[in-house]
Structure formats: structure tokens, C-alpha cells
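From first to last, the protein sequence lines stand for chains A, B, C and D. Numbered by this note's numbering, the letters in the first sequence go through residues 166 to 528 in order. Numbered by this note's numbering, the letters in the second sequence go through residues 166 to 528 in order. Numbered by this note's numbering, the letters in the third sequence go through residues 166 to 528 in order. Numbered by this note's numbering, the letters in the fourth sequence go through residues 166 to 528 in order. Ideal placement from N, C-alpha and C gives every residue a C-beta, glycine not left out. Note that this is a predicted model, so its numbers are computed, not measured.
Number of protein chains: 4
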Amino acid sequence: MRADVIRFDLPDPGDVSALAGAIDAGRVDPGRIVAIIGKTHGNGLVNDYTRGYLTQSLLKLLAARTGEAEAGLQARIPMVFSGGVEGVLSPHFIVFAVHDDEDAPTEPGLAVATAMTPPLGPEDLGRQRQIDLTAAAVEEAMARADIHSPDDVHFVQVKGPAFAQADLAGAADGLASDDPGKLMGFCRAASAIGVARALGEVPAAEANEAAVLRDFSVRSNVASCSAGLEVSCNEVIVIGMAPGWSGPLAIAHAPMADALDVAAVHHALAGVGLAAAPQLAAGDAARLRAVFVKGEAARSGLIRGRGHTMLNDGDIDQQRHIRAALGAVVAATLGETQLFVSGGAEHQGPAGGGLVAVIAERT
Amino acid sequence: MRADVIRFDLPDPGDVSALAGAIDAGRVDPGRIVAIIGKTHGNGLVNDYTRGYLTQSLLKLLAARTGEAEAGLQARIPMVFSGGVEGVLSPHFIVFAVHDDEDAPTEPGLAVATAMTPPLGPEDLGRQRQIDLTAAAVEEAMARADIHSPDDVHFVQVKGPAFAQADLAGAADGLASDDPGKLMGFCRAASAIGVARALGEVPAAEANEAAVLRDFSVRSNVASCSAGLEVSCNEVIVIGMAPGWSGPLAIAHAPMADALDVAAVHHALAGVGLAAAPQLAAGDAARLRAVFVKGEAARSGLIRGRGHTMLNDGDIDQQRHIRAALGAVVAATLGETQLFVSGGAEHQGPAGGGLVAVIAERT
Amino acid sequence: MRADVIRFDLPDPGDVSALAGAIDAGRVDPGRIVAIIGKTHGNGLVNDYTRGYLTQSLLKLLAARTGEAEAGLQARIPMVFSGGVEGVLSPHFIVFAVHDDEDAPTEPGLAVATAMTPPLGPEDLGRQRQIDLTAAAVEEAMARADIHSPDDVHFVQVKGPAFAQADLAGAADGLASDDPGKLMGFCRAASAIGVARALGEVPAAEANEAAVLRDFSVRSNVASCSAGLEVSCNEVIVIGMAPGWSGPLAIAHAPMADALDVAAVHHALAGVGLAAAPQLAAGDAARLRAVFVKGEAARSGLIRGRGHTMLNDGDIDQQRHIRAALGAVVAATLGETQLFVSGGAEHQGPAGGGLVAVIAERT
Amino acid sequence: MRADVIRFDLPDPGDVSALAGAIDAGRVDPGRIVAIIGKTHGNGLVNDYTRGYLTQSLLKLLAARTGEAEAGLQARIPMVFSGGVEGVLSPHFIVFAVHDDEDAPTEPGLAVATAMTPPLGPEDLGRQRQIDLTAAAVEEAMARADIHSPDDVHFVQVKGPAFAQADLAGAADGLASDDPGKLMGFCRAASAIGVARALGEVPAAEANEAAVLRDFSVRSNVASCSAGLEVSCNEVIVIGMAPGWSGPLAIAHAPMADALDVAAVHHALAGVGLAAAPQLAAGDAARLRAVFVKGEAARSGLIRGRGHTMLNDGDIDQQRHIRAALGAVVAATLGETQLFVSGGAEHQGPAGGGLVAVIAERT
């Protein structure tokens, strides 16, 4: 098998003409698409409707091109969109397609597979059930990708549900939070702990509800978790390297110790055979297929001993601040702004830092 | 003479205790202070009152410690504060003090001097009168600093007036703009062109009103211009290297071609004898006394060919986006977040880019 | 003929199930829909994608229910959505349908008709061509509605194009503004002047480009103009009272002198036979089918002599402020929050004020 | 005794020249000032520095005019400033002064007195200690005002501490919340319950920590509670009617059932002998000395059965939305925009509603 990873411009969440053109030109076989990840124009918070808009736009396109019903496409293809292209970031989406390949691969190649949990309600978010179901879905996707060692998993994207205030008001008691934005944090946190458990990054006994938003040493260095009104279960995409996969692509990752951890970006680049000195040359930047970054504003209120103001700000949400900053830090090294940078990194990479993963064409 | 440059934490615009402590400990002689530049907590736009708040706090402190009247201090010491510490940036202020020095300097040292234009009204902003008065003030400050060649000027900070809507409504016709935020842009633009003219960066004939916000090739690579409700004329601070000045400090600068121009940061560092590979070592970062960055969201809507969204955003002002991004780009190279990063770089550095200047202790 | 006006909840721009249910229940004949006006969740500014999202959602629904192609529906049915449900406002959309009616009407009834201008480019916005084409479209729609006297026109909704920065960067010189948000203002202004000219509210000679955003005495008291990325010409909806129309509905309107002009709301209510003392009784509020409000933050910076801060705010756009305020003023009188309140009232109603129009079931 | 209540324009938090003028003209005796309440230009959230700025400006003025030390003034005069003048609201501050009056009053007059709790740390906020100390301070202020019946108390303003992220990070475990904004909510909630207990609005046994942000039936109809970085204890101002007080002023209040409860505004007006039909005549509006409004976005997500979006919004804080709306609702009835409208009405008035209090010159 061979995994293709193709990145498209997104001028507007309603404009998926770049993918339409690629399909019409035969460069993408829509029936082979297994996942789509993207960065949209909205605020990345509860009232970000650009994620749902892009989902609707893509489903419409794919239904027209494949003849499949939208419901079937939605059940088959995880679409994980994160709002927020602050600062230099550029809206885009990344299509993952899997092809049969008759050649026997001579070395491990990029492997991609997906799985979905059963539906999750507001009462599941941040709870043990979400942790357990996410872990099971990661294991299922690893099995599908034929990845046997957790060391070969370099990135796990999870998108879970969010709920608007009106839905929460009608929900049963016992929600982890009755604040829509805060409940998104619980959703991300439990999802990340589920990934950590599936990959053995933490012992199963410690991957429990009690750690959620409390013990940030319980974490995954490859999990990137989002939440949005537009999904109703945890959608899981596992990306790694595996022997049965061919093709020129590779993935590598590195945890980021803090928001200024440029060394981590260089480390991930090295993993795919690239070097920035201090910025990737344009030719090398063209080899980048997808870059994923997760991070958060340090809860200590400090970065390298200096106070930051992101957590006190009532005008700009902390996630928007940190996406702008991390996006620029990574873009400065890569010379590329179409980066999937996502805030809300609870239990995803070191506390106060995050993680970076790079998919590139091998040199 | 010897110029001292000392940076202080600013936990709150009303908390200048760090400077108070330094004065009380004898580390700063308040009578020797010639200028203060700082980065405050506000939005950096019209309704940013943190600049005025810090001004009031500092005047109160300095009046108490020097016995001078606040009005006299205000007339003597330019205080240039720029709001907006988006992303990783950290609020701080930088005190410039000038001391007599009996030793004859053996090589050029850091030189600082100031000047102020006559009062400017709303009708002056963006107009020839502002350009001309600013140019004259720059020349006056250069003369005071005993800097004879424009090549020895590495940074010129200008702070000009802004006006709230109520003031504009009562102003005469013929304002460059009746929008308070847009008028701030005119103020910055004419100020920058004034600097460019004084330094010979553009021929005097081209440094005229017609170029304001129209011809961005008319620019200065060392001007950093801000505007705020709290000042009523153009306050000018010229910083460079000059033979009559002693001390361990040096300044260097570089224009930034775009928001990802990391090479410019390395170039400015090299000018003060520092190297980042890819990030300044902690010991070297400790040598940094002040870092100034100006930049803007590219009017083309593109950074290296990719669309950015900063100029379409109705929720976060473009200046807040670009400060977050540029601040992170420079912080990633320096390992330091107390950077004076300012948006609104009209005619300041290359269009779509900006400039960076570094004051550091020489190695 | 008989015009039906039905209002639907909009829980999410992707959720038009309320209309789907009404169609399926036979309460709405989708083939009879002539226009849809709605208030969506976004910021109402350039980067508001909820308008396009709702358009896509409705086109998808109507195409599925009518069998018509989406392009045909889009050409036939003006869909005018305004983002921004600040404060108490509630997202909703209003469907206008026109039915044949065999009974000869005994008195004038609610009349609705639409027209569209040819496509408009960025260079047309704020210009004479937009004024002229809009005026022609209003006349065309009046003719279709069989409204002969301008006095019988009580509301004209216009939606014109907006352009993101990337589109403007590539446009020819001579744009009224190269700022996307400001260009939206030019679009609204020229559209309003076009309406004023068609209705004889101003002499044709004064309805020219020179007045745009300059002479606010050139205005229409029934025009409500918006702009958005999702349309490419001026879509015009004319609503009034005409002899050939039957049914229980009526419309009335009143100009608002300022943001606190509660008397105007009472005046418009009186026009449809309703009275609030001081608030409409619940039973009377249930008679409301659609309420349209346009207004703006007073350019003087004053409301009844007191300073307001809306035009100085860098965190919340003035349109969001005024929508929150006007929406609450009108909701307080009506006891109803599903109001179409729109900012950006250049040349629409008195300067610093705006207008209100009410469609209700006659008592 | 006689309480004077004088309202001043606040063009800028650093501009208290209106009060300076009144003092210099002999209209205000600065030594007689007992409290100042005001509405400033900021966002009313954690990073609102306009409250501290105005405090510093007033202390500076009063110290200069009275010769008292700023510390003494600060200990003596509660200064309660709430940020946020969204929509039509206008920045202002209200000075309360108490004078000896030789005439024996013939009827009860406006009575004002203050008290302060001991310092409160982050660990006290939302806790029993804050409830108890606030209740004690209210009782102390009532005693000072010589108000014996809780029925004669019409408004209690409390301002308690807030803490920025950096302060919380260093605090002990067991904070009610480690989110600075959320902790402000706990502070307001416990303060309100303290008022309710002191006034017997709820039985003492129910006025406990367990109710904080949980049982909203535990509430006060006269409490208005704020929090800010600029204070370090709960400052309490009690306003009512009492026999020993003379003068033309009176106060009345009414709970608001929801954000559209216009009847409550009319009810409060009636209590001071004024009537709006539907808006106060200009002559009557001139009798208004101070108007206080507290309210909140309904947690149900609904206002009169219609969905609102205030609690889902990641761009504009819910408090800014509700202040804009409530301010406009009350301004529409009063014809006056200098209203002290404050969000964050936890346990202050009915849940989803709030309260209004009016001080006016009696007719």
C-alpha cells in the first residue's frame, strides 16, 4: 500500500475547487481518500462554523464525484478541521489517500489508517468512557495500518464532539463542565490520555479520568486532539511508518518543551532527512507535505522566566495567541505557512509546550 | 559620555516597582534618564489606555524620586509605549540613561539623544508639516548625539499623537482620515517619511505628503513609528554608534524582507557580535539589552505565495496578528520574549516586512 | 397574489431543518419561495463565513426538495444574510413566498418582489455604476410587485458583493478603498443612494458618486444594505403594500433619529396596528413576522450629548456594538429577539440613527 | 446628614478634569467624598487596566487637593470601577459625598456608608470566609448609615479582588478556580451571597460556600458585585433611605426577571417618582443622578424561548454582550447613556436577569 498526502489551498471554507481540480485532473482518486485534515478561517473556539462549512463543502464535492451518499462518506472519512490561522498561517487542507501498490516495499513507508468511536454525548467528555473508547480506536487504526510498535506511530489526530450552550443546558447533571469552551478542553484532554494509553506512553492504570486536566505528566507526545460542534464521536487518524507501505513519504515528530523550542522543529526535520540553517531552503520546503503543531500557553504564566499575558486576555482567546506564536516559530524555520497549528494541547506534549510532526518527501 | 540601557519587567502598567527598586539601589540615577521605551498590556490601538497609564505611573515615580515637576519630566523625557504583547511577548520597559564618562572612548559607543517637535493637531497627521517637523527633530537629536553620518544611526523611535473620535468630530475639515485608527496610520507613515528624509534614505523631493500611504518605496530602514492618545507632538529618540561615546553596548539593525525573514535577525545579531545556531544560547541572550521589531501584514495578502488572513479579520486587528507572529519569529531566534515588537510599519522597512534592531553588550 | 412571510430558528448555519420540516409538512412550497433574509452567527464583517455557509445549506435543501439546480435557485432567489447576533439577538431566517390567490383583494396587501443587478466588481463598489444599477433594479422589482408609488415601499433590502484582501490586491487601480472592510462600507453606501434615487427620496442629480460616504443628507429611509463575500451582484428585495395583493400581513416603517429613538419603534408598530405599553404583549409579539433594523454608531462620537466609545474600539467592531445596542432597544419594546438588525447604515436613515420596519399579521 | 451624588464625564481614564473643575469651583468638597463608583473604557475582564488607571488618576487628584496621602485616601474611599461601556454606554464616574446638615430631616433621605473587609487572597475567593466577611462589612456599613431595616437598603456595591495568572500560579492549592476570569466569577458570587445574608434575603444557613455558582436561588436583589486586579479586599458601599438623612435625593430598585424586563426599569423609576412613556422626558432624565444595572446572559441559552449566542462566543465575552444589551434596554427607557451597567450577575437578582437601581432628585 502507498499513502499519498496532498495539501490544497483553502481560499474560503466554501471553496474546495483546488481539490475538485485535482480530482478532475486525475491527480486524486476520491474513492481512495481515507482522511482529510485542515486549518480553517474561524476562531477555533465554540462558535467556529468554518469547520462545519468546510465539511459540508467537501461532502458535497465528494458525493458529486464518487456517487456515494454524504452520510456514507461522513462515516468513512474522518474530516478533522481546526479553526484559527492567526498571524502568518495560511488556510489549507490535507488529503490522505491510500492506494494499492504492487511493488513490495523495500523499507518502511508512510502508513495511515483511521477509526471512529461510538457516538459520545456531553456527559462522556473528559470521562473514562472517552479515554477507553479513544484508546480502543487508536488500537483499531494501528491494526488497520499494520503498525505493530507504538514507536512507529508519529502522529495521532483525534477530533471529538463539542456542544453549544443550548445543548448543555438540556444535558443531564454531572458534566465535566457546563461551560461550552471548557468542555472542549475536557474533550481534548481525555482524548489525549486515550492515545497515551493505547501507545503505552503511560501505564493503563494512570490513564484514568482522575488525571484529566489535573496531572499533566500523563501525556502523549504524538496526540493532537481537537473538538468541534460538527462531529459526534471521536474520529481517530493514526499516522506512522510501517513495513508494508511504500512511497517516497516519511513522518517524524518531536515534543516541544516550550513555545520557543526551535530545536524540536529541527529535530523533527532531521527525522525526515531535512535540515534548516536556520531556515529550510525553498527547494526543501517544497518537499513538505504536511506539518502538525500542537501547543498551549504555559499555565505558569511564564515562558523562560518572563511573564506572558495570554491567560489574562479577555479580548483574544489564549488559543488564538498561542497558534499565532507557534505558527510563526515553526514557519520561521520551515519557510512555509500552511501549517496545521492547533491550540488546546492539554496532555499533548510537555505541559507548557506541545509537539511537532512533519510529513515530507524523503531526499 | 556613556549610554546605559536597562530593561525592566512590567507586571502591570501601574507597577513600576522594578525601576523604583533600581533607583533606590543606586543602579539607576533618575536624573540621568533621557528616554523610556516600553511594551504594555493593551491592544496597541486607539483605545489602548495602558500606554497613558504607564506614562502616569512613571511620571509619578520619577517626580517623587527627582523632585522635578511631572510637566518638566514629560517635556524632558520622551516616553514611547506601544501596546500589544500578543503571543509569547512579555511586557517590559527600557530605560535609557546618559552618564558623563571621564575616560576617552577608544572606539565608537552606543549614542542616544532625543528631540521633540512642536505640538501636532489632527490636521497635521499624515501631512507635509509632520514630515518636515519630524525630519528636523531627527536632525536635532543626531546633533545632540554627535552622530554625523546617517550610517551610524541604527534606530529612530518616533511617537506621535492620536485622537479619539470625539476629538476628530470637532476638528476642521481636511483631515487625512476621520477614522481614529486610520489616522494613526497616517501619523506613523508621515513620521517614517520624515525620518527617511533626515537620514537621506530618500531624496528630500520624494519625502513628501503625496507618498504617504501610497508609495511604499519611500521608506526608512531604521524608523519605528507609533501613535497614541497620550502624546501631543512627535517625540523622537535617535540611537546609533558615535565616537564620543563609551561603554560596552552596541546597536545593529537589519531590514526584514517579509515576516519570515529570519536571516535579518541573524544579520542584526552579527552586527553586535552575537550568533544564534539556531537559537541564541542563554548566556548570549543575557547580553541583550533591547530588541526593537517593526512589521506589518503584507498588503498583497500573501506571504511567500501563500494567502494570509490578517487583513480580512474583523475580530483581531491586523496589528495584533503581526505582532504575535513577528514577536515569535524573533523570540525563537533570540530565546527572549521581552521584545519591543510594534505593528503599523507603513514606510518602515520593506513593504510587507519591517526591520529589527538589537542593542547588546559586546562580547 | 399573496405574500407569505415565515420566520425560522437557525440553531447553526448548517442546520436548516426547521425549513425542511415546514416543507415536508406542506407549510412551505419551496417552488414559491422568492427571497430569504436571515441573521447568522458570524461577526458580520469581511471574514464572516456563516453567511456563505447558510447560503450553501439552503441551496442544498432547496435543490433536494425542488429538483432545481443550485445555480438556478441562486439566480432566482435572493438570499440576504447578515452576520452578527450580538447581545439578546437570536439567529433566524425569514422565508418570503408568493402564492396565487383567487380572491380579489379588498384592500392593499403585503407585496414582495426582487431583482438583481449585473455582476459588480471591486471597482464598481461605491461608484456611480453601482448607484445606477441598484436604482434600476429597485424600479424593476417595484414593477414586478405592481407597486406604483414610492410611498408604498416600506423596506428595500440590498445585498452587494464584498471582496477579501487577496481579490483586492489583484484588482485594478482606482478602487474606492483597498481595505476590504472599508470597501464593504462603500458598497452599502452606493446601494443605499441607488435606492433613494429610485424612490425619489433624493433628486436624481444628487444621487451621485460624489455623495458616497460624504453627504449623509443623501439618504433613504427604507433602504437596508449589506455586503458579503458570498454574492457577486446587488440583490434587491422590495417590500411594500399594493392593491393587487391579499392576505393578513402588513408592513410599516419609521426612520430612527438616533440609537435611542424608541418612539420610532412605536411608530412602526402603530403602522401595523400594534401598540407596546411599554412592551408588546406576548400575544401581539406573536403577530410579528419579520422586523428589520438598520443603524450605526454616531460619527459625532456622541449620543444625546454623551460620549460613546464605539468608534474608538480596537477589540469590538463598531457594527457589533451598534447591533447589540439597537437589537436590545427594539427587543425591549417588542419582547422579541429574532430581529434582523444590521450595522453599517451609511445613507440608510438619518445619520447617527437608522430605520426600523415591521411586518406583522394585522389585528 | 446629607448625601450628594454627582456624576462626571470620563473622556479618558487619565482625565479627571471634570472633578478637578468641580472641586476648584467649590461644588465638591474633596474631604467629604466617601465613595466613587464608575464605568471605564476597558473590557471589564481580567486584563482591564482602565480601572486601575482611573484609581491612580483620582488618588493623584484627591491627594493634591486634600493634602492627604494616597494610601490614606485609598483606605478611606472605596473606588469601585467596572470596565465596559459597550454599545451606547458612556464612561463616567459618580462621586458620593456626605455633608453635615443642620436641618432636621422631615422625611427619610438618601443614605450612604461604606466598609471594607480585611485583605482577601486568591484562596478566599468564592469561599465561606469571603461570604462571612462581606456580610459583616455590609452590616457595618448599614450601622454607619444608620439604616436599621434591610428593606431600606436599595443598592449594595461590592468590589473584590482579582488575580492575574502569574499570581494564581504561585498560590496554594485549593483555589475555587485556577482560571483568572473564572475566579472573578467566584469572587462576585460569594460577595453577593454575603450581601444576601446580611440583608436577610436568604437564611444564614443557606448563605454558604456550597451555594456558590451552584444554587442561584440564593441571591440578593440589591447586590452588585465586581472584581478587579486593583483592589485587595472587599470594598462595600451601602445605599438606601434612612430617617436621619436629608436632601432631595432618593433611591429605588427592582429585580429584572430577564434581559428584556423593561417593566423593572419603570418600576424602579416609579420608586423615585418618575415615569417614562415610553421614554423619560429630557427634563426628567436630567433628574437622574446615578443608575446601576447588573445582569447576565441567561445560562439556559434562551431569552423568552429564543436561543441567544452570548455563551458560545469566543470573540466577544458574554459580559460584553450583556452589558451592551442591558445598557441599551435601560438607556432606551431613560434617554440617558451614563449608566453603570455591569455583567457577571451571579446570585445578583434573578438568574438570567439582574437588577436595576436609580438615584434621582425627587420631583
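Just the C-alpha distance for residue i and residue j, rounded to the nearest angstrom, thanks.
{"i": "Ala329/C", "j": "Val250/A", "result": "15 Å"}
{"i": "Arg292/B", "j": "Ala462/A", "result": "42 Å"}
{"i": "Leu439/C", "j": "Ile358/A", "result": "59 Å"}
{"i": "Ala522/D", "j": "Pro176/B", "result": "36 Å"}
{"i": "Val495/C", "j": "Ser255/D", "result": "20 Å"}
{"i": "Ala308/C", "j": "Asp316/C", "result": "14 Å"}
{"i": "Gln295/C", "j": "Lys459/B", "result": "39 Å"}
{"i": "Cys398/D", "j": "Gly479/C", "result": "32 Å"}
{"i": "Gly237/A", "j": "Ile201/A", "result": "15 Å"}
{"i": "Leu348/B", "j": "Ala327/B", "result": "7 Å"}
{"i": "Lys225/C", "j": "Arg241/C", "result": "15 Å"}
{"i": "Ala372/C", "j": "Pro345/B", "result": "28 Å"}
{"i": "Gly252/D", "j": "Gly393/B", "result": "23 Å"}
{"i": "Asn212/B", "j": "Gln322/B", "result": "21 Å"}
{"i": "Ala447/A", "j": "Ser356/C", "result": "46 Å"}
Would residue i pass as a contact of residue j if the rule is Cβ separation under 8 Å?
{"i": "His531/D", "j": "Ile404/D", "result": "Past the edges of chain D, shown from 166 to 528, lies residue 531/D, and the structure says nothing about it."}
{"i": "Ala310/A", "j": "Val260/A", "result": "no"}
{"i": "Ile384/D", "j": "Ala417/D", "result": "The sequence shown places Arg at residue 384/D, rather than the Ile named in the question. Against a cut-off of 8 Å, the Cβ pair of Ala417/D and Arg384/D comes out as no contact."}
{"i": "Met244/C", "j": "Trp410/C", "result": "no"}
{"i": "Thr220/B", "j": "Glu366/B", "result": "no"}
{"i": "Ser222/D", "j": "Gly179/D", "result": "yes"}
{"i": "Ala334/D", "j": "Ser465/A", "result": "yes"}
{"i": "Pro273/C", "j": "Thr231/C", "result": "no"}
{"i": "Ala300/B", "j": "Ala363/B", "result": "yes"}
{"i": "Leu414/A", "j": "Val456/A", "result": "no"}
{"i": "Ile481/D", "j": "Arg485/C", "result": "yes"}
I need the boundaries of the alpha helix (DSSP H) containing residue i, first residue and last residue.
{"i": "Val430/A", "result": "Val427 to Gly436"}
{"i": "Val506/B", "result": "No alpha helix (DSSP H) contains Val506/B, which is instead part of the beta strand (DSSP E) from Phe505 to Ser507."}
{"i": "Arg294/B", "result": "Gln293 to Ala310"}
{"i": "Met349/A", "result": "Pro345 to Ala363"}
{"i": "Ile202/D", "result": "Run containing Ile202/D: none in the alpha helix (DSSP H); it sits in the beta strand (DSSP E), Ile198 to Thr205."}
{"i": "Asp189/D", "result": "Ser182 to Asp189"}
{"i": "Ile487/B", "result": "Gln483 to Leu499"}
Got a sec, what are the start and stop residues for the beta strand (DSSP E) residue i sits in?
{"i": "Glu526/A", "result": "Gly519 to Glu526"}
{"i": "Phe457/C", "result": "Leu453 to Gly460"}
{"i": "Leu333/C", "result": "Unbroken run through Leu333/C is the alpha helix (DSSP H), Gln330 to Ala334; no beta strand (DSSP E)."}
{"i": "Gln322/C", "result": "Val318 to Pro326"}
Among all the DSSP beta bridges, which residues are the ones paired with residue i?
{"i": "Met421/A", "result": "Gly519/A"}
{"i": "Gln513/D", "result": "Ser385/D"}
{"i": "Gln275/B", "result": "What sits at residue 275/B in the sequence shown is Leu, not Gln. Beta-bridge pairing links Leu275/B to Met406/B."}
Residue i: beta carbon under 7 Å from a heavy atom of the ligand MN?
{"i": "Leu348/D", "result": "For the ligand MN, the structure offers nothing, since it holds no ligand at all."}
Stretch-stretch touch, CB-based, cutoff 8 Å, three pairs: the region 463 to 476 of chain D with the region 465 to 484 of chain C: no
Touching by the beta-carbon criterion (3+ pairs, under 8 Å), the region 283 to 294 of chain B and the region 167 to 174 of chain C: no
The region 509 to 526 of chain C touching the region 417 to 424 of chain C, judged by at least three CB pairs closer than 8 Å: yes
Validate contact between the region 388 to 405 of chain D and the region 299 to 318 of chain D using beta carbons, cut 8 Å, 3 pairs: yes
Three or more C-beta pairs below 8 Å linking the region 204 to 213 of chain B and the region 432 to 447 of chain B: no
Contact the region 487 to 506 of chain C vs the region 477 to 491 of chain D: 3+ CB pairs below 8 Å: yes
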